[in-house]
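Numbering-wise, the sequence shown is residues 821 to 901 according to the numbering used here.
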Amino acid sequence: LTLQKRDQDQKFDLLGQLLPTEASETDLVRVLLLKEEAEFDSTLTDDLGEFTLTALPPGSYQLVLSNEQYEITIPALHLSA
């Protein structure tokens, strides 16, 4: 995961990549960003396992990565100006 603060508007861009395993090489992963337990933003990984969520305002979030085989939750992602 890489978090970049944007100079133009004080928001953040979150970039990430999931490296495939033999069992999940072709599976796309859903990337879900929650704020106060509600969906704030979402995307899918591309064929290289990369994803980007842009223009995120400061705040506390949860990041959930999932496909048919697994779900990974990062419970405390704090973005502050």
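Cβ coordinates follow ideal geometry from the N, Cα and C atoms, glycine included.
Residue i vs residue j beta-carbon contact at 8 Å
| i | j | result |
| --- | --- | --- |
| Phe832 | Leu823 | yes |
Buried/exposed call for residue i, threshold 16 Cβ in 10 Å
| i | result |
| --- | --- |
| Gly836 | buried |
| Leu834 | buried |
Reference residue i, options the options, closest by Cα
| i | options | result |
| --- | --- | --- |
| Arg850 | Ala901, Pro895, Leu885 | Leu885 |
| Asp938 | Thr874, Phe860, Asp847, Ser880 | One cannot answer for residue 938 here, as it falls past the ends of the chain, which runs 821 to 901. |
| Gln889 | Lys855, Pro840, Glu859, Asp861 | Pro840 |
For residue j and residue i, believed in contact at Cβ under 8 Å, the rounded distance
| i | j | result |
| --- | --- | --- |
| Gly879 | Leu899 | 6 Å |
| Leu876 | Thr863 | Not really, about 12 Å apart at Cβ, beyond 8 Å. |
| Gln882 | Thr865 | That belief does not hold up - the Cβ atoms of Gln882 and Thr865 are roughly 18 Å apart, past 8 Å. |
| Ala896 | Gln830 | Not confirmed; about 21 Å, so no contact. |
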